[in-house]
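Using the working numbering, you'd call the opening residue of the sequence shown number 2 and step up by one each time.
Remarks on the structure that follows.
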Amino acid sequence: MPAPYNGPAPAQYPSPQPVAAYPQPYPAPQAAYPAPAAAQPFQAPPAALQPVPQQVEEVTEAPAAKQQARTGRLKPGSPAAPTGGVPKPVLYGLAGYALLMTILALYGLFMKSGDVPPDHPLSIIPDNFGEFDNAQRKKGAAVIRGKIDGPLPPNQVAQLNGTIEVGGLEIVPLRIEKRTLDLMTVDAKGTKQPAGSTASTLVMRVKVKNNTDLALCPFDPAFSRKGSRDDQPVTRVVVGTEPFAGGPLVWPMSKAGSRQFEKEQERDAEPLKPGETREYTVCATTKPELIPAIKKNGDKIMWRVQVRRGPVAYNGKSVPVTAIFGVEFSRADIQNF
Numbered sequence: 002m003p004a005p006y007n008g009p010a011p012a013q014y015p016s017p018q019p020v021a022a023y024p025q026p027y028p029a030p031q032a033a034y035p036a037p038a039a040a041q042p043f044q045a046p047p048a049a050l051q052p053v054p055q056q057v058e059e060v061t062e063a064p065a066a067k068q069q070a071r072t073g074r075l076k077p078g079s080p081a082a083p084t085g086g087v088p089k090p091v092l093y094g095l096a097g098y099a100l101l102m103t104i105l106a107l108y109g110l111f112m113k114s115g116d117v118p119p120d121h122p123l124s125i126i127p128d129n130f131g132e133f134d135n136a137q138r139k140k141g142a143a144v145i146r147g148k149i150d151g152p153l154p155p156n157q158v159a160q161l162n163g164t165i166e167v168g169g170l171e172i173v174p175l176r177i178e179k180r181t182l183d184l185m186t187v188d189a190k191g192t193k194q195p196a197g198s199t200a201s202t203l204v205m206r207v208k209v210k211n212n213t214d215l216a217l218c219p220f221d222p223a224f225s226r227k228g229s230r231d232d233q234p235v236t237r238v239v240v241g242t243e244p245f246a247g248g249p250l251v252w253p254m255s256k257a258g259s260r261q262f263e264k265e266q267e268r269d270a271e272p273l274k275p276g277e278t279r280e281y282t283v284c285a286t287t288k289p290e291l292i293p294a295i296k297k298n299g300d301k302i303m304w305r306v307q308v309r310r311g312p313v314a315y316n317g318k319s320v321p322v323t324a325i326f327g328v329e330f331s332r333a334d335i336q337n338f
């Protein structure tokens, strides 16, 4: 048996003091949480936002520069502003896009439906763009098929002083003359300014009676806008077989609310009321090739004019449309030629 241990007694392991204060760890984190307060430098983001006012100043200056540039382009023929404004290619592109949408509309709706109105295709061209409101004051679906420059039906063609009835309109072409044009512009506030004169072209006086139950503007600056290689308006003078598309007007204008018109077209913006009769002026393009073409080959001329007419019913809806009417004449019928 081993001898008993006679050395010094082992020291008692001291009780850990933290254990006695065991509940204290819970309050301890509370003392630790305020420590991040010393890390308040993270409030630096407000200082990083200081450049923002500089950006705001740049934004507020941009519209002013843009307005100044666009104001400088109100006069027709003035050079494009170096910055800001609406470049002429953009305006022409918009007009070309509108024409493209009209052409696409030729195949848009009725190619997928057999429920076709009995009207001739060239009497139900979609009224989907223009300066003035259409007969319904809202955009409608496309309801046309066929070629824009296709043959017109007999009831949509007349000679001078003949009568054309289409879409609730009674149209009588009164006379055609050759003269210069006096163009005007009017802004959104109604302020009118001369926009210069043009070379001689053809001007037709037309009497229109509104037999529909809706007020409408039969003629629109968009219908008589200047044509280009990429934008061929529906309205055109066809000399023999050579078409001269468009008219003399800039459309759309670079400044919202502005429009251009010939001096005799000032009232075109006033809707023609149901039962009302009024005379209108239609102007041909001012391209210099038109008059020489008439002198050379003016025995057979057709003036094809786009006009806003009464809407048509389709699939239970009233759809706003336009039409084309034609006026047959010759060089001998032109006054002052």
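Cβ coordinates follow ideal geometry from the N, Cα and C atoms, glycine included.
This one's a predicted model, so the numbers in the text were calculated from it and none came from an experiment.
Taking all protein chains shown into account, do 16 or more other C-beta atoms lie within 10 angstroms of the C-beta of residue i, making it buried, or fewer, making it exposed?
| i | result |
| --- | --- |
| residue 293 | exposed |
| residue 271 | exposed |
| residue 128 | buried |
| residue 289 | exposed |
| residue 225 | buried |
| residue 230 | exposed |
| residue 175 | exposed |
| residue 1 | Outside the shown range of the chain (2 to 338) lies residue 1, about which nothing can therefore be said. |
| residue 248 | buried |
| residue 122 | buried |
| residue 311 | buried |
| residue 191 | exposed |
| residue 327 | buried |
| residue 321 | buried |
| residue 155 | exposed |
| residue 152 | exposed |
Rounding to the nearest angstrom, what Cα-Cα distance links residue i and residue j in this structure?
| i | j | result |
| --- | --- | --- |
| residue 253 | residue 124 | 24 Å |
| residue 258 | residue 317 | 34 Å |
| residue 171 | residue 233 | 26 Å |
| residue 228 | residue 283 | 15 Å |
| residue 334 | residue 220 | 23 Å |
| residue 275 | residue 336 | 32 Å |
| residue 241 | residue 212 | 33 Å |
| residue 309 | residue 324 | 6 Å |
| residue 291 | residue 159 | 22 Å |
| residue 269 | residue 162 | 21 Å |
| residue 315 | residue 296 | 45 Å |
| residue 169 | residue 149 | 21 Å |
| residue 299 | residue 243 | 11 Å |
| residue 134 | residue 218 | 8 Å |
| residue 189 | residue 319 | 30 Å |
| residue 126 | residue 208 | 21 Å |
For residue i, which residues of its own chain have a beta-carbon under 6 Å away from its beta-carbon, when the five flanking residues on both sides are left out?
| i | result |
| --- | --- |
| residue 238 | 245, 285, 304 |
| residue 210 | 171, 278 |
| residue 214 | 275 |
CB-CB under 7 Å to residue i, same chain, minus the five flanking residues each way: which ones, in chain order?
| i | result |
| --- | --- |
| residue 181 | 198, 199, 200, 201 |
| residue 206 | 175, 176, 280, 282 |
| residue 187 | 193, 259, 260 |
| residue 166 | 156 |
| residue 301 | 241, 331 |
Whose C-beta lies closer than 8 Å to the C-beta of residue i among residues of the same chain, with five residues either side of it excluded?
| i | result |
| --- | --- |
| residue 164 | 171, 172, 173 |
| residue 185 | 193, 194, 195, 196, 261, 262, 263, 264, 267 |
On the premise that residue j lies in contact with residue i, defined as a C-beta separation below 8 Å, what is that separation, rounded to the nearest angstrom?
| i | j | result |
| --- | --- | --- |
| residue 236 | residue 307 | 5 Å |
| residue 120 | residue 251 | Not really, about 32 Å apart at Cβ, beyond 8 Å. |
| residue 330 | residue 179 | Not really, about 12 Å apart at Cβ, beyond 8 Å. |
| residue 223 | residue 273 | Not quite, the Cβ-Cβ distance comes to about 17 Å (not below 8 Å), so this is no contact. |
_Contained beta strand (DSSP E) runs [length at least 3] in the stretch 124-198, N- to C-terminal order_ = Counting whole runs of 3 or more residues, the stretch 124-198 contains the beta strand (DSSP E) stretches 158-160, 165-167, 170-180, 183-187, 193-198.
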